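Q:
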Amino acid sequence: MVPEALDFCFELACAGTLVEGAALHTVPVPARARCASCAAEWAVGMPPDLGCRSCSGGGVELLSGRELQILDVEWAEHGRPDVPAEQKG
Ligand SMILES: [Zn+2]
7 MVPEALDFCF
17 ELACAGTLVE
27 GAALHTVPVP
37 ARARCASCAA
47 EWAVGMPPDL
57 GCRSCSGGGV
67 ELLSGRELQI
77 LDVEWAEHGR
87 PDVPAEQKG
């Protein structure tokens with residue numbers, strides 16, 4: 007997951023809805039990989055580096071970096087738009 011891509015999609019998804027302008031705070035988790043052949047571990051980085059530098063062996067396991075969890079949602083009462091109780095077309 008690329009944080010910038012998530013920010014962009016979040017803004018698009020919120021546009022024109024009740025939560026337009028909502029702020030998204032992300033905590034990036036560095037991607038790490040492990041070689042299945044020699045057990046070397048390294049930071050994958052960006053662009054992703056999935057080749058083992060120790061043995062050039064195949065079979066790379068991604069240890070972290072796929073996490074996507076919603077830890078908290080905060081609602082601010084102030085500034086909340088008035089939603090009509092009844093809408094007639
Ligand atoms: Zn290796």
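So for the sequence shown, the working numbering puts the first residue at 7; every next one is plus one.
Heads up, the beta-carbon is just placed ideally off N, CA and C, and yes, glycines get one too.
All of these numbers come straight from a predicted model, not from anything done at the bench.
To test your reading of the DSSP string, which unbroken beta strand (DSSP E) runs of 3 or more residues are found completely within the segment 19-89?
A: 38-41, 47-49 and 66-70
Q: Is the separation between the beta-carbon of Val33 and that of Leu77 shorter than 9 Å?
A: yes
Q: Within 8 Å, do at least three Cβ pairs link the segment 10-28 to the segment 45-54?
A: no
Q: Please classify Cys41 as buried or exposed, where buried requires at least 16 other C-beta atoms within 10 Å of its C-beta.
A: buried
Q: Under 9 Å, do Val35 and Glu73 count as touching if we go by C-beta distance?
A: yes
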